[in-house]
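Participant: Before anything else, here's the structure in question.
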Amino acid sequence: MHKVLSVDVTLVPRDPQAPGQFGHPVSVPDDKKEEAKSRWKEGNFNVYLSDLIPVDRAIADTRPAGCSEQQVHDELPTTTIIMCFVDEVWSTLLRSVHSVLGRSPPHLIEEVILVDDFSTKEYLKEPLDRYMSQFPKVKILRLQERHGLIRARLAGAEMAKGAVLTFLDSHVECNVGWLEPLLERILLSRTKVACPVIEVISDKDMSYMTVDNFQRGIFTWPMNFGWRQIPQEVIKKNKIKETDIIRCPVMAGGLFSIDKKYFFELGTYDPGLDVWGGENMELSFKVWMCGGEVEIIPCSRVGHIFRNDNPYSFPRDRVRTVERNLARVAEVWLDEYKELFYGHAYHLVLKNLDVGDLTQQIQLREKLQCKNFKWYLENVYPDLEAPLVKASGLLVNTATSRCITVENSTLALEACDDSKEHQQFNYTWLRLVQHGELCLDPNGPHGAPGLSHCLGWGHGQTWLHRSLAAPQTQLSHHLISQHLQQPACLEVDPSHKALRVNACHSGNPYQKWQFGNYYAD
Ligand code: UD2
Ligand code: MN
Numbered sequence: 005m006h007k008v009l010s011v012d013v014t015l016v017p018r019d020p021q022a023p024g025q026f027g028h029p030v031s032v033p034d035d036k037k038e039e040a041k042s043r044w045k046e047g048n049f050n051v052y053l054s055d056l057i058p059v060d061r062a063i064a065d066t067r068p069a070g071c072s073e074q075q076v077h078d079e080l081p082t083t084t085i086i087m088c089f090v091d092e093v094w095s096t097l098l099r100s101v102h103s104v105l106g107r108s109p110p111h112l113i114e115e116v117i118l119v120d121d122f123s124t125k126e127y128l129k130e131p132l133d134r135y136m137s138q139f140p141k142v143k144i145l146r147l148q149e150r151h152g153l154i155r156a157r158l159a160g161a162e163m164a165k166g167a168v169l170t171f172l173d174s175h176v177e178c179n180v181g182w183l184e185p186l187l188e189r190i191l192l193s194r195t196k197v198a199c200p201v202i203e204v205i206s207d208k209d210m211s212y213m214t215v216d217n218f219q220r221g222i223f224t225w226p227m228n229f230g231w232r233q234i235p236q237e238v239i240k241k242n243k244i245k246e247t248d249i250i251r252c253p254v255m256a257g258g259l260f261s262i263d264k265k266y267f268f269e270l271g272t273y274d275p276g277l278d279v280w281g282g283e284n285m286e287l288s289f290k291v292w293m294c295g296g297e298v299e300i301i302p303c304s305r306v307g308h309i310f311r312n313d314n315p316y317s318f319p320r321d322r323v324r325t326v327e328r329n330l331a332r333v334a335e336v337w338l339d340e341y342k343e344l345f346y347g348h349a350y351h352l353v354l355k356n357l358d359v360g361d362l363t364q365q366i367q368l369r370e371k372l373q374c375k376n377f378k379w380y381l382e383n384v385y386p387d388l389e390a391p392l393v394k395a396s397g398l399l400v401n402t403a404t405s406r407c408i409t410v411e412n413s414t415l416a417l418e419a420c421d422d423s424k425e426h427q428q429f430n431y432t433w434l435r436l437v438q439h440g441e442l443c444l445d446p447n448g449p450h451g452a453p454g455l456s457h458c459l460g461w462g463h464g465q466t467w468l469h470r471s472l473a474a475p476q477t478q479l480s481h482h483l484i485s486q487h488l489q490q491p492a493c494l495e496v497d498p499s500h501k502a503l504r505v506n507a508c509h510s511g512n513p514y515q516k517w518q519f520g521n522y523y524a525d
């Protein structure tokens with residue numbers, strides 16, 4: 005073994021006075037403010053400043069103490085760097101490539117594949133070919149139509165010769181010692197997916213900034229990626245060190261190394277995912293549930309320009325593309341938990357989204373004998389709040405303190421008894437009040453509210469309650485059916501034995517209901 009190599013051709017920069025040198029912030033001179041402003045949209049960051057900064061600038065070594073002393077194996081696998089771009093800014097693209105070539109041990113870089121995803125800018129054609137011809141390892145793959153990030157990466161992967169694939173965005177700066185720790189993990193176990201810590205290159209002043217340690221990649225419903233710090237007490241209790249590897253429920257998506265054969269065994273990305281978004285969820289679930297692991301390696305650090313908006317156009321509507329991608333992922337991987345996804349993105353239910361054909365993906369999951377999503381939640385992401393229903397148990401009426409009871413297919417009101425199966429209901433993420441396989445229907449089999457077979461959305465069986473009903477003025481304890489002529493509320497009829505629906509009144513206790521247990525607002 006050997007100590008991690010500290011390859012960095014910029015340790016002694018050519019021009020220490022140059023703007024942005026050492027990752028320092030740069031400010032736009034007063035007389036250039038207009039120009040800087042007008043060029044912002046070329047990349048949705050400060051393109052004017054980027055162009056002033058040397059393409060091979062030095063940056064500070066931001067690794068935690070101890071990283072530079074770590075040992076790695078002599079026989080690390082080689083890697084192909086795959087960097088996709090569409091209309092990337094010239095200076096940032098060059099800086100990305102320079103940082104790879106200048107801060108990686110040359111013998112580990114099999115090649116750098118730049119995948120041009122049908123860019124429109126002239127400078128990315130012949131001038132880029134000419135510039136890169138000085139680097140024999142850099143290859144440019146020109147796609148003849150827009151593939152989108154996901155399929156562009158696959159085009160790069162198809163031609164890659166290295167044992168490991170390392171994906172990077174086209175506006176990054178790799179820091180010293182970034183590569184060997186990633187490859188080391190994969191050498192130890194080929195099913196590990198190794199991610200660097202993603203540091204921040206400011207979109208405004210182009211400074212290179214380190215980030216807090218102990219961050220995990222997580223998601224919140226409906227599958228929004230985010231970062232979450234490991235709680236201080238957990239760090240203390242488990243004596244987690246800054247250099248310790250962090251298991252991640254999901255990866256950010258842009259920067260990671262994966263064994264090439266393993267990536268293909270996993271079926272790469274779902275080819276039904278389009279352009280951009282959600283592919284990080286898909287790969288993370290697939291890796292974890294099918295026997296692998298996703299990790300952040302604190303000793304590997306790469307800066308990335310985070311931008312508020314994509315600087316390129318989407319072939320189709322951006323929001324719809326991402327939504328459809330996420331729904332595909334939910335359908336294939338979430339099992340019964342997909343109700344949480346749809347419950348938190350209910351507009352997708354309303355618009356009856358078409359996610360396309362899933363047979364291949366479902367077959368793949370079977371072939372790989374992947375575990376289920378419940379296993380993933382329990383073992384990989386136990387801190388995610390994921391109750392399968394919003395509320396459950398008895399359904400108690402406030403005025404009478406009596407409970408809805410199922411008698412054959414009709415409903416009555418009786419004294420509450422939690423041990424009675426016939427008084428148990430679920431309030432689901434899809435807004436159904438469910439008793440076993442049956443659903444509370446304002447127009448039940450006998451005209452009055454009763455139980456019918458659950459028919460899904462659009463069949464008048466959905467009810468608003470609590471936070472869903474609250475915006476509708478003071479009705480948060482009510483059960484509001486939206487599908488009648490007028491929104492109507494479930495109420496106890498004057499006999500106190502039966503149910504009916506009637507115009508909603510906020511103060512009416514005969515219209516107020518409470519479930520035994522609430523798991524979500
Ligand atoms: C994040 C990821 C990104 C990807 C994305 C979508 C990081 C740092 N970034 O958003 O890698 O996983 O989430 O889920 O984790 N590109 C193409 N063709 C396209 C669109 C983009 O080649 O049609 C390129 C683009 O030039 C860039 C890369 O793909 O180099 C990622 O795109 P981005 O930077 O707009 O995504 P980002 O960082 O907002
Ligand atoms: Mn990016």
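Just so we're aligned, residue 5 is where the sequence shown starts under our numbering, counting upward by one. Ideal Cβ positions, reconstructed from N, Cα and C, are used throughout, including at glycine.
Please identify the residue among A474, L468, H469, V437 whose C-alpha is closest to the C-alpha of S456.
Facilitator: The residue with the shortest Cα to Cα distance from S456 is V437.
Participant: Ordered along the chain, which non-local residues of its own chain (more than five positions away) have a Cβ less than 6 angstroms from that of L277?
Facilitator: For L277, where only same-chain residues beyond five positions count, the Cβ hits under 6 angstroms are I154, E283, N329.
Participant: Would DSSP call R67 helix, strand or coil?
Facilitator: In the structure shown, R67 sits in coil (DSSP, three-state: anything other than H, G, I, E or B).
Participant: Within the chosen definition, does the segment 449-468 reach the segment 402-420 through at least 3 CB pairs nearer than 8 angstroms?
Facilitator: Yes, the segment 449-468 touches the segment 402-420.
Participant: Name, in chain order, the residues that DSSP records as bridge partners for L145.
Facilitator: Answer is V119.
Participant: The ligand UD2 and A524: does the residue's C-beta get closer than 7 angstroms to at least one heavy atom of that ligand?
Facilitator: Outside the cutoff, so no.
Participant: Would you decide whether E441 is buried or exposed? Buried here means 16 or more other CB atoms lie within 10 Å of its CB.
Facilitator: It counts as exposed.
Participant: To the nearest angstrom, how far is it from the Cα of F26 to the Cα of L270?
Facilitator: F26 and L270: Cα-Cα distance of roughly 40 angstroms.
Participant: Give a yes or no on whether the C-beta atoms belonging to V393 and Y431 are separated by under 8 angstroms.
Facilitator: Contact: yes.
Participant: Looking at T409 and W517, is the spacing between their C-beta atoms short of 8 angstroms?
Facilitator: Their beta carbons are not under 8 angstroms apart, which means W517 does not touch T409 by this criterion.
Participant: How about L357 and W433: are their beta carbons less than 8 angstroms apart?
Facilitator: The answer is no: Cβ separation not under 8 angstroms.
Participant: Examine the ligand MN and report whether any of its heavy atoms sits within less than 7 angstroms of the Cβ of G462.
Facilitator: No, since every heavy atom of the ligand MN falls outside the 7 angstroms radius drawn around the Cβ of G462.
Participant: On the DSSP letters alone, give me the boundaries of the alpha helix (DSSP H) that Y346 sits inside.
Facilitator: 342-348 is the span of the alpha helix (DSSP H), which, as asked, contains Y346.
Participant: If distances are taken between C-alpha atoms only, which option among V298, M210, Q138 comes closest to G307?
Facilitator: Of the listed residues, the one whose Cα sits closest to G307 is M210.
Participant: Where does the unbroken beta strand (DSSP E) through P302 begin, and where does it stop?
Facilitator: Residues 297-309.
Participant: Are the CB atoms of L352 and A331 within a distance shorter than 8 angstroms?
Facilitator: A contact, by the Cβ cut-off of 8 angstroms.
Participant: Taking 7 angstroms as the cut-off, is the C-beta of H469 nearer than that to any heavy atom in the ligand MN?
Facilitator: No; taking the cut-off as 7 angstroms, the Cβ of H469 has no heavy atom of the ligand MN nearer than that.
Participant: Would you be able to state if there are at least three C-beta pairs under 8 angstroms between the segment 178-187 and the segment 88-95?
Facilitator: Contact fails: fewer than three Cβ-Cβ distances are below 8 angstroms.
Participant: Return the bridge partner residues of P200 from the DSSP annotation.
Facilitator: Paired residue(s): I301.
Participant: When we look at the beta-carbon of L503 and count the other beta-carbons within 10 Å, is it buried (16 or more) or exposed?
Facilitator: By the neighbour-count rule (16 or more Cβ atoms within 10 Å), L503 is buried.
Participant: I want to check one thing, is the minimum distance from the CB of G70 to the heavy atoms of the ligand MN below 7 angstroms?
Facilitator: Result no, Cβ not under 7 angstroms from the ligand MN.
Participant: Note the first and the last residue of the continuous beta strand (DSSP E) segment covering A395.
Facilitator: Segment 395-401, the beta strand (DSSP E) holding A395.
Participant: From which residue to which residue does the beta strand (DSSP E) around V505 run?
Facilitator: Counting along the chain, the beta strand (DSSP E) containing V505 begins and ends at 503-507.
Participant: For R194 and Y212, what's the separation of their Cα atoms in angstroms?
Facilitator: Their backbone Cα atoms lie some 32 angstroms apart in a straight line.
Participant: Drop a sphere of 10 angstroms on the beta-carbon of L459, count the other beta-carbons inside from all chains shown, and report buried for 16 or more, exposed for fewer.
Facilitator: Exposed is the call here.
Participant: Does the ligand MN have even one heavy atom less than 7 angstroms from the beta-carbon of G221?
Facilitator: No, since every heavy atom of the ligand MN falls outside the 7 angstroms radius drawn around the Cβ of G221.
Participant: Select from I222, C303, Q148 the residue whose C-alpha is nearest the C-alpha of Q74.
Facilitator: Residue C303 is the option with its Cα nearest to Q74.
Participant: Using a threshold of 7 angstroms, is the CB atom of D207 nearer than that to any non-hydrogen atom of the ligand MN?
Facilitator: Because no heavy atom of the ligand MN lies under 7 angstroms away, the Cβ of D207 does not count as near it: no.
Participant: Run through the segment 264-292 for me and flag every whole alpha helix (DSSP H) of 4 or more residues, listed as ranges in chain order.
Facilitator: Within the segment 264-292, the complete alpha helix (DSSP H) runs of at least 4 residues are 264-269.
Participant: What does a CB cutoff of less than 7 angstroms around F268 pick up in its chain, not counting 5 residues either side in sequence?
Facilitator: Cβ neighbours of F268 beyond the five flanking positions: none.
Participant: Would you say the segment 134-147 touches the segment 102-116, given that touching needs at least three Cβ pairs under 8 angstroms?
Facilitator: Taking 8 angstroms as the limit for Cβ pairs, the verdict is that the segment 102-116 does touch the segment 134-147.
Participant: Whose C-beta lies closer than 6 angstroms to the C-beta of D55 among residues of the same chain, with five residues either side of it excluded?
Facilitator: The residues are S95.
Participant: To the nearest angstrom, how far is it from the Cα of M5 to the Cα of H77?
Facilitator: The straight-line gap from Cα to Cα measures roughly 4 angstroms.
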